[in-house]
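Below: the structure, in structure tokens.
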Amino acid sequence: MLAKLALLATFAAVSVVAESSALVAVDPTPLQQLRCLTAPRESALLVRAYSDRDVIYLQCQTTGGPTVDRTTNWVRTGDDCYVPAYYVALDDASRQSLPSCVTIDDANPCILPNIDGFDLLERAEGFLERPRGDIITGLAYVGFGHQCTSAKCDQEPASVPSFPMSRDQARVLLWQDVRNTTACLTRMLAAGSRTASLVLSDNMWSALVSWTFSIGCDVAAQSQLIRRLQNGEPPIAVVSTELPKWTAIHGKSMAELVARRSAELTLFRTRSASMAYPRCDQQISK
Numbered sequence: 004m005l006a007k008l009a010l011l012a013t014f015a016a017v018s019v020v021a022e023s024s025a026l027v028a029v030d031p032t033p034l035q036q037l038r039c040l041t042a043p044r045e046s047a048l049l050v051r052a053y054s055d056r057d058v059i060y061l062q063c064q065t066t067g068g069p070t071v072d073r074t075t076n077w078v079r080t081g082d083d084c085y086v087p088a089y090y091v092a093l094d095d096a097s098r099q100s101l102p103s104c105v106t107i108d109d110a111n112p113c114i115l116p117n118i119d120g121f122d123l124l125e126r127a128e129g130f131l132e133r134p135r136g137d138i139i140t141g142l143a144y145v146g147f148g149h150q151c152t153s154a155k156c157d158q159e160p161a162s163v164p165s166f167p168m169s170r171d172q173a174r175v176l177l178w179q180d181v182r183n184t185t186a187c188l189t190r191m192l193a194a195g196s197r198t199a200s201l202v203l204s205d206n207m208w209s210a211l212v213s214w215t216f217s218i219g220c221d222v223a224a225q226s227q228l229i230r231r232l233q234n235g236e237p238p239i240a241v242v243s244t245e246l247p248k249w250t251a252i253h254g255k256s257m258a259e260l261v262a263r264r265s266a267e268l269t270l271f272r273t274r275s276a277s278m279a280y281p282r283c284d285q286q287i288s289k
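In our numbering, the protein residues as written are 4 to 289.
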């Protein structure tokens with residue numbers, strides 16, 4: 004059962020609304036709360052939990068997740084996270100109207116790094132429960148590397164939690180911010196004239212996401228690392244040579260950047276058979 008996967012916590016049932024506006028409801032298991040994860044698997048990260056009277060939307064459905072009451076079907080909500088379909092009471096018409104997440108996601112690169120990538124990001128960025136100004140950039144940051152839109156972080160959109168920010172809130176904010184980074188990285192690699200044969204594992208992808216998140220998309224786009232990948236050079240050779248160069252600010256080597264690049268390179272070199280680019284969650288051919 005799902006409880007063994009640690010996806011449920013004490014609370015009540017959830018009501019949800021499909022995109023077709025057909026009312027559906029989580030199977031009314033008493034005293035439980037439904038947790039929504041970054042991927043349809045038990046090892047994925049928590050995005051949020053749905054509580055009683057929450058209203059959510061369903062985007063698509065997928066198979067292949069952990070078995071819950073003899074079914075491996077999961078659904079993706081409007082928060083871009085996944086819950087087991089077993090706990091969502093869809094009628095036949097609503098189920099048929101939901102597209103397959105495979106057609107939406109698997110033809111594209113992954114929109115998020117893997118768990119090791121998120122762990123690396125959290126360690127490297129560090130956690131700030133309140134905004135802090137950066138003396139080098141002059142910008143304010145909060146959470147796990149979230150860049151504020153104002154110097155005092157007092158003009159943030161409603162999606163940014165109030166302060167002090169909890170670690171769980173900061174993780175959700177990081178998850179949202181990283182989506183912009185993966186979209187940028189996808190555009191950069193796709194712009195290359197010789198990247199048609201480029202294949203990156205989830206570890207490779209996650210390491211590059213961390214590096215891009217660290218230096219910014221505009222800077223990454225002008226780097227030799229991206230240009231060499233765009234030109235079709237072998238990823239391991241390119242990243243092994245170029246990534247260690249990004250350890251200084253204004254010409255001064257920074258110990259924390261040396262450590263971060265080392266961790267990124269280690270992750271990049273760690274073998275994995277799961278593809279992240281150009282297609283998400285595919286197996287890499289040997």
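Beta carbons: idealized from backbone N, C-alpha and C, even for Gly. Here the structure is a predicted model, which is why all the values come from computation and not from measurement.
{"query": "Neighbour-count burial assignment, Ile239, 16 or more Cβ in a 10 Å radius", "result": "exposed"}
{"query": "Entirely enclosed alpha helix (DSSP H) segments - the region 186-250, minimum 4 residues", "result": "205-218, 220-224, 227-233, 238-245"}
{"query": "Three-state class that DSSP yields for Ser294 in the structure shown", "result": "Because the chain in this structure spans residues 4 to 289, residue 294 falls outside the shown range and cannot be described."}
{"query": "Status (buried if at least 16 other CB within 10 Å, exposed otherwise) for Thr74", "result": "exposed"}
{"query": "Within 7 Å, strictly: CB atoms of Val241 and Arg230", "result": "no"}
{"query": "Beta bridge counterpart(s) of Trp178 as assigned by DSSP", "result": "Note: Trp178 sits in no beta bridge, so no partner."}
{"query": "Assigned secondary structure, Arg38 (DSSP; H/G/I helix, E/B strand, else coil)", "result": "strand"}
{"query": "Local Cβ density within 10 Å of Thr65, reported as buried at 16 or more and exposed below that", "result": "buried"}
{"query": "Backbone secondary structure at Ala88 - three-state DSSP", "result": "helix"}
{"query": "Spatial distance of Phe121 from Val50 (CA atoms)", "result": "12 Å"}
{"query": "Whether Thr215 touches Thr184 by CB criterion (7 Å)", "result": "yes"}
{"query": "Inter-residue spacing [alpha-carbon to alpha-carbon] between Ala194 and Ala186", "result": "12 Å"}
{"query": "C-beta atoms of Leu270 and Ala173 nearer than 7 Å", "result": "no"}
{"query": "CA nearest to the CA of Asp205, picked from Ser46, Arg79, Asp83, Ile287", "result": "Ile287"}
{"query": "Reduced DSSP category for Ala143 - H, G, I as helix; E, B as strand; rest coil", "result": "strand"}
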